[in-house]
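Numbering (our numbering), first residue to last: 50 to 229.
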């Protein structure tokens with residue numbers, strides 16, 4: 050079994066409100082949450098799915114281009130040679146010398162798709178390949194949109210009233226705003 054095709058598809062999920070980002074200062078976010086879906090298809094029809102965040106100035110095209118650029122290093126590989134594929138990506142692209150942070154995010158979709166394929170080949174849920182499940186269920190958290198402190202407080206109260214026990218929100222815009 051070999052990987053026959055790598056496909057990268059940009060997607061955007063509309064948001065109710067703009068979600069500012071702490072790591073991308075210019076523009077403070079986007080009206081849509083963007084990602085790139087990565088599909089690795091084997092020559093016998095199995096498909097592994099992965100996801101890559103959009104990390105370059107809100108342009109999914111950059112993440113797609115980075116993924117498509119390494120397709121020749123992935124296509125033809127045995128999907129169970131996960132570590133060999135990862136090492137090939139780092140060695141052949143020079144990432145070990147050029148820094149890996151941004152590229153790692155782009156290539157993470159390939160990594161996730163390889164794990165998905167391995168689980169499908171083994172006929173096991175992914176948590177079994179990773180050493181077992183820590184719990185039998187997982188709660189959801191409410192994601193608070195960065196906004197003025199009063200609006201965030203209203204949102205937090207509404208989420209708690211809706212039954213959420215964990216609230217997640219971003220900090221790092223400005224110390225005074227974070228404290229408020």
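By construction, the Cβ of each residue, glycine as well, lies at the ideal position given by its N, Cα and C atoms.
Residue pairing by DSSP puts residue 54 in a beta bridge opposite 90. Closest option to residue 224, judged by alpha-carbon separation, among 205, 213, 198 and 215: 198.
Around residue 226, the same chain offers 198 as residues with beta carbons nearer than 8 Å, after the five sequence neighbours per side are excluded.
The three-state secondary structure of residue 101, taken from DSSP, is strand.
In the DSSP assignment, residue 192 is bridged to 217. Taking every protein chain shown into account, the CB of residue 165 has 16 or more other CB atoms within 10 angstroms, so this residue is buried. About 19 Å separates the Cβ atoms of residue 113 and residue 53, ruling out a contact at the 8 Å cut-off. A Cβ-Cβ separation of about 4 Å places residue 99 in contact with residue 158 under the 8 Å criterion. Take residue 187, set aside five residues on each side of it, and no residue of its chain has a beta-carbon closer than 8 Å to its own. With fewer than 16 neighbouring CB atoms inside 10 Å of its own CB, residue 174 falls in the exposed class.
Here DSSP, grouped into helix, strand and coil, assigns residue 167 to helix. Assignment of residue 129 by DSSP, reduced to helix, strand and coil, places it in the coil class.
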